[in-house]
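*Asks:*
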Amino acid sequence: MVQLGLVGLGKMGFNMRERLRRAGHEVVGYDRNPDVSDSSSLADMVGKLGAPRIVWVMVPAGGPTRQTIAELCELLEAGDLVIDGGNSRFTDDRANAAELGKKGIGYLDCGVSGGVWGLQNGYGLMVGGDAALVHRAMPIFDALRPEGPREEGFAHAGDIGAGHFAKMVHNGIEYGLMQAYAEGFELLSAADFVRDVPGVLKAWTRGTVVRSWLLDLLVKALEDDPELERLTGWVEDSGEGRWTVEEAINHAVPVPVISAALFARFASRQEDSPAMKAVAALRNQFGGHAVHRAGPSSGTGSTHH
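Numbers in this note's numbering are just positions in the sequence shown, counted from 1, shifted up by 44.
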């Protein structure tokens with residue numbers, strides 16, 4: 045049995061606490077929402093942990109994570125360990141490790157995949173940092189990862205930052221996969237002689253080379269809403285797709301599929317694309333191609349040369 049402090053009990057953190065407790069570990073959680081928190085404050089949480097302590101941070105990336113780690117740096121002692129399991133940018137990890145290291149506090153970065161299904165299925169884990177610290181935290185990682193061989197759900201990816209870098213690339217790949225399934229769905233739907241689009245996608249879920257958990261989730265979504273009428277096409281990006289493309293540029297690695305998927309998300313947020321207006325205007329200017337006029341008397345106009 046391992047004792048763990050867990051900061052952040054949102055969708056992921058709440059289920060992670062439950063999975064760890066089911067595995068027999070003691071988890072003292074802290075969240076700003078008192079309805080789910082086991083502690084009244086970070087200091088209260090730390091006070092309930094016996095030294096040497098392990099604290100897992102599961103809060104939004106960026107400022108909230110940096111602030112939490114800065115506060116923990118004041119509360120923890122030499123020999124304690126902090127694990128950042130959020131979606132932090134890998135470039136933050138060295139700074140976090142250095143700040144904690146001044147007090148002799150260890151640091152690991154852990155990319156976590158599994159979403160709301162992790163409680164049931166386990167979480168894919170990618171960790172960066174010192175091997176001795178990874179070994180020390182292994183009972184926690186083993187409880188969180190999926191059942192089966194450790195190497196099929198856990199990787200000590202490398203040095204500080206490697207875990208979050210691996211998760212960043214994972215999410216970039218996810219962008220590309222989701223976009224490919226989405227485009228295939230749209231093309232099937234556009235062919236009026238394909239009568240059962242959800243059925244076609246479901247038939248792909250066993251035995252075909254495109255089967256995957258993402259495809260299973262798309263099939264589930266279509267079972268709940270066959271025409272996806274309850275949704276709009278607006279798609280946000282968490283930041284990791286952008287970071288993946290930025291790092292591809294930094295390393296001169298071509299990632300056309302991931303880049304296109306990211307840009308498709310940008311396009312999804314435009315009610316009326318300025319770029320496509322420009323394309324329409326250009327086609328009309330050089331070739332006299334028809335354009336659709338804006339306004340109440342909207343219609344198709346054309347100019348012939």
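Even for Gly, the Cβ is constructed at its ideal location relative to N, Cα and C.
May I ask you to verify whether the region 98-118 touches the region 129-141, counting CB pairs closer than 8 angstroms and requiring at least 3?
*Replies:* With the cut-off at 8 angstroms, the region 98-118 and the region 129-141 touch.
*Asks:* Can you give me the C-alpha to C-alpha distance between A175 and S233, rounded to a whole angstrom?
*Replies:* 50 angstroms
*Asks:* Apart from the five residues on each side of it in sequence, which residues of its chain come closer than 6 angstroms, Cβ to Cβ, to F209?
*Replies:* F134
*Asks:* Quick one: give me the first and last residue of the beta strand (DSSP E) that Q47 is part of.
*Replies:* Q47 to V51
*Asks:* Please classify M45 as buried or exposed, where buried requires at least 16 neighbouring CB atoms within 10 angstroms.
*Replies:* exposed
*Asks:* I need the DSSP call for S157, collapsed to helix, strand or coil.
*Replies:* strand
*Asks:* Please report the Cβ distance between G205 and D128, rounded to the nearest whole angstrom; I am assuming they are in contact, meaning their Cβ atoms lie under 8 angstroms.
*Replies:* That belief does not hold up - the Cβ atoms of G205 and D128 are roughly 10 angstroms apart, past 8 angstroms.
*Asks:* If you run the structure through DSSP and keep just helix, strand and coil, what is F58?
*Replies:* helix
*Asks:* From I217 to G207, what distance separates their C-alpha atoms?
*Replies:* 15 angstroms
*Asks:* Specify the secondary structure class of I98 as computed by DSSP and reduced to three states.
*Replies:* Looking at I98 - three-state DSSP - the assignment turns out to be strand.
*Asks:* Give me the residue from W287, F307 and V323 with the minimum Cα distance to W278.
*Replies:* F307
*Asks:* So, with DSSP's three-state summary, where would you put I217?
*Replies:* Of the three classes helix, strand and coil, the one that applies to I217 here is helix, per DSSP.
*Asks:* For a quick check, are the C-beta atoms of V101 and G130 less than 8 angstroms apart?
*Replies:* yes
*Asks:* In the structure shown, what three-state DSSP assignment does V335 receive?
*Replies:* DSSP, reduced to helix, strand and coil, places V335 within a strand of the structure shown.
*Asks:* Hey, could you find the ends of the beta strand (DSSP E) L272 is sitting in?
*Replies:* L272 -> no beta strand (DSSP E), and no H or E assigned at all.
*Asks:* CB A181 to CB L125, shorter than 8 angstroms?
*Replies:* Yes. Within cutoff.
*Asks:* May I ask which residues mark the beginning and end of the beta strand (DSSP E) holding V71?
*Replies:* First-last of the beta strand (DSSP E) with V71: E70 to Y74.
*Asks:* Taking only three categories from DSSP, how would you classify D203?
*Replies:* Here D203 sits in coil by DSSP.
*Asks:* Would you tell me roughly how many angstroms separate the C-alpha atoms of N215 and L188, rounded to the nearest one?
*Replies:* 19 angstroms
*Asks:* From this set, D136, V301 and V90, which residue's C-alpha is nearest Q223's C-alpha?
*Replies:* V301
*Asks:* The beta strand (DSSP E) spanning L245 covers which residue range?
*Replies:* Not the beta strand (DSSP E): L245 falls in the alpha helix (DSSP H), residues V241 to A247.
*Asks:* From V72, M56 and A67, pick the residue whose C-alpha is nearest to that of P104; which is it?
*Replies:* M56
*Asks:* So G168 is in the alpha helix (DSSP H); what residue range does that whole segment cover?
*Replies:* Counting along the chain, G168 falls outside any alpha helix (DSSP H), though it belongs to the beta strand (DSSP E) covering G168 to G172.
*Asks:* Looking at C-alpha atoms only, which residue of N77, M60 and D75 is the closest neighbour of H69?
*Replies:* M60
*Asks:* Got a sec? Which residues, its chain only, sit under 6 angstroms from P96 by beta carbon, not counting five neighbours each side?
*Replies:* G123 and D124
*Asks:* Would you please state the rounded distance, in angstroms, between the beta carbons of V72 and G106? I believe it to be under 8 angstroms.
*Replies:* 25 angstroms between Cβ atoms; not a contact.
*Asks:* Would you be able to state if there are at least three C-beta pairs under 8 angstroms between the region 196-205 and the region 76-89?
*Replies:* At 8 angstroms Cβ cutoff, the stretches do not touch.
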